[in-house]
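From first to last, the protein sequence lines are chains A and B.
Note that the numbering used here has the first sequence beginning at 25, numbered continuously upward.
Note that the numbering used here has the second sequence beginning at 25, numbered continuously upward.
Where a beta carbon is used, it is the ideal one built from N, C-alpha and C, also for glycine.
Let me begin by presenting the structure, written as structure tokens, before commenting on it.
There are 2 protein chains.
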Amino acid sequence: MSVTVIAYHRGMSRWEPDARGRLELAALALYLERGFEQTTVAQIAERAGLAERTFFRHYADKREVLFGGSAELQTRLVTAVAEAPAEAAPIDAVKVGLDVIGGALQGRFEHARKRHRVIRANPELLERELIKLAALATALAEALEQRGVPQLTANLAAEAGIAAFKIGFNRWISAAKEQDLALLMRDSLDELRAVTAGQ
Amino acid sequence: MSVTVIAYHRGMSRWEPDARGRLELAALALYLERGFEQTTVAQIAERAGLAERTFFRHYADKREVLFGGSAELQTRLVTAVAEAPAEAAPIDAVKVGLDVIGGALQGRFEHARKRHRVIRANPELLERELIKLAALATALAEALEQRGVPQLTANLAAEAGIAAFKIGFNRWISAAKEQDLALLMRDSLDELRAVTAGQ
DNA sequence: CGAGGTGATGTCAGTTACTGCCATCACCAT
DNA sequence: ATGGTGATGGCAGTAACTGACATCACCTCG
């Protein structure tokens, strides 16, 4: 097995671009190879051709390096909900948001799979994922409030949306081949309604 | 301000009982006084009259000391759902579970308030709370499956139940004086149905 | 009553995540 | 050229957490 170690050499300066990208790649690879706990930040930095100190300038901690894309996902979600038709009911605005999230992840099945395997294997990483989802729920609720939805309703609709996201995502990631994520999330939301209605 | 420091003295042996209880009390008090990050485990242990090493024998890490009761809560929830009438729909079994959780926390308003204030003030503690809730959701889903509920339905009903728990708890903890927690959670679940139905 | 067994605790050394501080380097505008 | 700026490296320090071993109170058994 060949291991890619990026190091200084002729033509490659200290300021080789995309330090973040290199760190994310190196971290995911190492977490897959040896596990999260068995990987030290020094090893990640070395494989990325950077110093350990530099890792912590880009990521607050060892976990965060797996969640570089969550901010953009949240932005897309909020934008989509804000731009949904004014007359749409809260739950329909949520569905629009789910469609956008689904679109953002669609096509990245293999990468999502690897990442998911690493996260599921480590409770600390699962914690980080959960707080990202909670942040997503908060942002979604605030976006709904901006639409004039009362706070309690907004919080409930946001929780329903995140629940649909979680379960739809789990169905997506567990399938043998890539399916339509947005559709799975919409289906989950519909079934959530059926379940809360008492079948 | 007087600070209670427990230390060895005549009549108090090394094996003074309830080490866990002392650690929990000391930790909550210190987290409230100086904040979670500003508190060291050595300080908690000292106030409890124990060595730092002993803290880590009782709690896996500095956060866990605030979640000593979560295992029992989960047990109660699972038991209640298992003992719900066989003919009850999944969502009704969930309601029974919420009632039991509500009953377990009812009357501990002030303690819950302090604990909640500490947790909200620190993202690491929030992460831990979220993973405890996720564990609760998993346990709830498994209890529903034991009742013969299909897996997908069980997961959805469990997510709905935990959403109702979260929002009901937030309403409870935010009120000026203690209200009926189980009732708030039931109401939240009912309103969740209304929201997912599109109002 | 003494001897050993058991479980909780204490002590200590070591690893690693993470932080603060300052030096260094490439690039850019003037 | 000169100086400013932003990203990086190096290094020391703190504190969370772990492993290994000693110690202590209590219990059981003979």
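Query raised in the report: Does V219(A) have its Cβ less than 8 Å from a Cβ in chain B?
Result: Cβ-Cβ to chain B under 8 Å: yes for V219(A).
Query raised in the report: Among V65(B), L101(B) and Q130(B), which has the Cα closest to the Cα of D204(B)?
Result: Q130(B)
Requested in this report: Find out if the Cβ-Cβ distance for the pair V118(B), A66(B) is shorter than 8 Å.
Outcome: no
Query raised in the report: Going along chain A in order, which residues have a C-beta closer than 8 Å to the C-beta of L150(B)?
Result: I155 and A158
Query raised in the report: Would N146(B) count as contacting chain A if we go by Cβ distances under 8 Å?
Result: no
Query raised in the report: Considering only the beta carbon of each residue, do L213(A) and A182(A) sit closer than 8 Å?
Result: no
Report task. Starting from the Cα of D42(A), find the closest Cα among E57(A), Y55(A), A72(A) and L52(A) and give me that residue. Result -> A72(A)
Report task. Look at V87(A) and R152(A) and say whether their C-beta atoms are less than 8 Å apart. Result -> The displayed chain sequence assigns Arg, not Val, to residue 87(A). Yes, these two residues count as a Cβ contact at 8 Å.
**Report entry** Whether A206(B) touches L122(B) by CB criterion (8 Å)
**Finding:** yes
**Report entry** Endpoints, alpha helix (DSSP H) assigned at D211(A)
**Finding:** L205 to T220
Query raised in the report: Within 8 Å (strictly less), CB to CB, does A199(A) reach chain B?
Result: Proximity of A199(A) to chain B, defined by a Cβ-Cβ separation below 8 Å, is not satisfied.
Requested in this report: Indicate whether E215(A) and L97(B) have their beta-carbon atoms separated by less than 8 Å.
Outcome: no
Report task. Count the other C-beta atoms from every protein chain shown that fall within 10 angstroms of the C-beta of T63(B), then say buried if there are 16 or more, exposed otherwise. Result -> So T63(B) counts as buried.
Query raised in the report: For the alpha helix (DSSP H) that contains A117(B), what are its first and last residues?
Result: A117(B) -> alpha helix (DSSP H) spans P114 to L129.
Query raised in the report: If you check the beta carbons only, do A178(A) and L101(A) fall under 8 Å apart?
Result: no
Query raised in the report: Taking all protein chains shown into account, do 16 or more other C-beta atoms lie within 10 angstroms of the C-beta of W196(B), making it buried, or fewer, making it exposed?
Result: buried
Query raised in the report: If the cut is a Cβ gap below 9 Å, which residues of chain A does D116(B) touch?
Result: Below the 9 Å Cβ cutoff, chain A contributes G222 as neighbours of D116(B), in chain order.
Requested in this report: Kindly list, in the order they appear in chain B, the residues whose Cβ is closer than 9 Å to that of T177(A).
Outcome: Residues of chain B with a Cβ closer than 9 Å to the Cβ of T177(A) are, in chain order, E215, A218, V219 and Q223.
**Report entry** Whole-angstrom distance between A106(B) and A221(B), CA atom to CA atom
**Finding:** 28 Å
Report task. Step through the CB atoms of chain B and report whether any lies within less than 8 Å of the CB of K190(A). Result -> It does: the Cβ of K190(A) has a partner Cβ on chain B nearer than 8 Å.
Report task. For A184(A), go through chain B and note every residue whose CB falls closer than 9 Å to its CB, in chain order. Result -> E183, A184, A187, L216, V219 and T220
Query raised in the report: In whole angstroms, what is the alpha-carbon distance linking L157(B) and E40(A)?
Result: In this model, L157(B) and E40(A) are separated by some 43 Å (Cα to Cα).
Requested in this report: Take the Cβ of G127(B) as the centre, count every other Cβ of all protein chains shown within 10 Å, and call the residue buried at 16 or more, exposed below.
Outcome: exposed
**Report entry** Cross-chain neighbours of L180(B) in chain A, by beta carbon under 9 Å
**Finding:** A187, A188, I191, S212, E215, L216, A218, V219 and T220
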